[in-house]
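S.K.:
In the working numbering, the protein residues as written are 23 to 336.
1. DSSP has residue 319 in a bridge; who is on the other side?
2. Do you know whose CA, among 296, 241, 300 and 318, lies nearest residue 306's CA?
3. Per DSSP, residue 77 forms a beta bridge with which residues?
4. Assign residue 255 to buried or exposed, taking buried as 16 or more other Cβ atoms, counted over all protein chains shown, within 10 Å of its Cβ.
5. Put residue 197 into one of helix, strand or coil per three-state DSSP.
6. So what's residue 276 in DSSP terms, helix, strand or just coil?
7. Output the distance between the C-alpha atoms of residue 196 and residue 128, rounded to the nearest integer angstrom.
8. For residue 198, which of 68, 226 and 174 has the nearest alpha-carbon?
9. Taking 8 angstroms as the threshold, find out whether the segment 45-59 comes into contact with the segment 98-105 through three or more Cβ pairs.
10. May I ask you to list the residues that DSSP assigns as paired with residue 106?
11. Quick check: the segment 110-130 against the segment 140-152, are at least 3 beta-carbon pairs closer than 8 angstroms?
12. Kindly identify the DSSP beta-bridge partner or partners of residue 170.
13. In or out: residue 119 buried (at least 16 other Cβ within 10 Å) or exposed?
14. Using three-state DSSP, classify residue 130 as helix, strand or coil.
15. How should residue 154 be labelled, buried or exposed, when 16 other C-beta atoms within 10 angstroms of its C-beta is the threshold for buried?
16. Identify whether residue 179 lies in helix, strand or coil by the three-state DSSP scheme.
17. Can you check whether the CB of residue 246 is closer than 7 angstroms to the CB of residue 263?
18. Please list, in chain order, all residues of the same chain as residue 324 whose beta carbon is under 6 angstroms from its beta carbon, the five residues on each side excluded.
19. DSSP on residue 309, reduced to helix/strand/coil?
20. Once you ignore the five residues that flank residue 311 on each side, which residues in its own chain have a CB closer than 6 angstroms to its CB?
21. Pick out whichever of 301, 308 and 327 has its Cα sitting closest to the Cα of residue 320.
22. My output table needs one value for residue 236: the three-state DSSP class, helix, strand or coil.
23. Under the DSSP definition of a beta bridge, which residues are partnered with residue 246?
24. How long is the line joining the alpha carbons of residue 230 and residue 276, rounded to whole angstroms?
25. Which residue from 166, 69 and 79 puts its Cα closest to that of residue 288?
26. For residue 227, name the three-state secondary structure that DSSP assigns.
27. Going by C-alpha to C-alpha distance, which of 249, 226, 286 and 156 sits closest to residue 315?
28. Identify, in the order they occur along the chain, each residue of the same chain with its Cβ nearer than 7 angstroms to the Cβ of residue 265, setting aside the five sequence neighbours on each side.
29. Measuring alpha carbon to alpha carbon, tell me which of 296, 308 and 290 ends up nearest residue 283.
30. Distance check for residue 224 and residue 140, CA to CA, integer angstroms please.
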């Protein structure tokens, strides 16, 4: 009798706890034109966002997963919907017939250029690939090898206003035996082939170890390279700038953890709205949960440096 009574008490206690617990889904949009970070409380590593003719599109690292290169869509940079994938099959197909955990698609760059969407990514074992589409929902082209080579990662294209096209990228130390450097190469204007000799444009070994994740832009006649440094979980966001793609490049830290609980902050991209607002999207590594996505306002100083987030101390 005592045993049955004890079991009944435990059951009632469990029911009481369940009655008190209310499950809720994280919402970034808190109404009234306001939002809270993270804007995506899910694992979307190395996000890259571009502005299209009808809204914003995001992709992220998909590694060995298929379908790969998820395509998300938003009209406000806060509320995102998964609408497609750009990579139905992992290439080269024969290599990926077996599981390749952590390999495959690393750190893509999403761009909208001349009426088409482009995605570039590095496969650390093969080289830099590109796919393109007129509609981000698809169909997407088959991957083109833009630059072959082991350890080539984190590519970012730029179509210049003088008819040239450029491709910035980095090295994976695990494959190349060298990291903490950024490189630049010219490519054909159709974006399908690197041409000429790639050059190291920045060596971060002393001041910006593990610099990577380059995102290349041009703003008011200058070239800017947004690149995280210091490691995924403990690093900071560095920006390089130059008057020419070959350099020389100067560097400045534009966002760091400081006293906030947001470690990293790591690998992201700059987005400008049609209204002229500037925003920066990046990820935060939170261990088993994955790499969750944050959105921060971005402004420019009078001397031409971006400031990401709220700079309370100047």
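All residues carry an ideal CB built from backbone N, CA and C; glycine is no exception.
M.R.: Checking against the coordinates, here is how it stands:
1. Residue 319 pairs with 301.
2. Nearest neighbour of residue 306 by Cα position, chosen from 296, 241, 300 and 318, turns out to be 318.
3. DSSP lists 74 as partners of residue 77.
4. Taking every protein chain shown into account, the CB of residue 255 has fewer than 16 other CB atoms within 10 angstroms, so this residue is exposed.
5. If DSSP states are grouped into helix, strand and coil, residue 197 belongs with the helices.
6. Of the three classes helix, strand and coil, the one that applies to residue 276 here is strand, per DSSP.
7. Cα-Cα distance, rounded: 13 angstroms.
8. When each option's Cα is compared against that of residue 198, the closest is 174.
9. For the pair of segments examined, the segment 45-59 was found to touch the segment 98-105: the number of CB pairs separated by less than 8 angstroms reaches three.
10. Bridge partners of residue 106 according to DSSP: 93.
11. The segment 140-152 is in contact with the segment 110-130.
12. Beta-bridge pairing links residue 170 to 149.
13. An exposed status is given to residue 119, since fewer than 16 other beta-carbon atoms sit within 10 Å of its beta-carbon.
14. Residue state, collapsed to three classes: strand.
15. Flag for residue 154 reads buried.
16. Here DSSP, grouped into helix, strand and coil, assigns residue 179 to strand.
17. Yes, the pair counts as a contact, with Cβ atoms nearer than the cut-off.
18. Non-local beta-carbon contacts of residue 324 in its own chain, meaning distances under 6 angstroms to residues more than five positions away in sequence, are absent.
19. Three-state DSSP puts residue 309 in a helix.
20. There are no such residues.
21. The residue from 301, 308 and 327 with its alpha-carbon nearest to that of residue 320 is 301.
22. DSSP places residue 236 in coil when its eight states are reduced to three.
23. DSSP, once it has assigned bridges, lists 239 and 263 as partnering residue 246.
24. Between the C-alpha atoms of residue 230 and residue 276 there is a straight-line separation of about 13 angstroms.
25. Residue nearest to residue 288 within the set 166, 69 and 79 is 69 (criterion: CA-CA distance).
26. In the three-state scheme derived from DSSP, where H, G and I count as helix and E and B as strand, residue 227 is classed as coil.
27. Ranked by Cα distance from residue 315, the options 249, 226, 286 and 156 are led by 286.
28. Exclusion of the five residues before and after residue 265 leaves 244 as the residues of its chain whose Cβ lies within less than 7 angstroms of its Cβ.
29. The residue with the shortest Cα to Cα distance from residue 283 is 308.
30. Between the C-alpha atoms of residue 140 and residue 224 there is a straight-line separation of about 25 angstroms.
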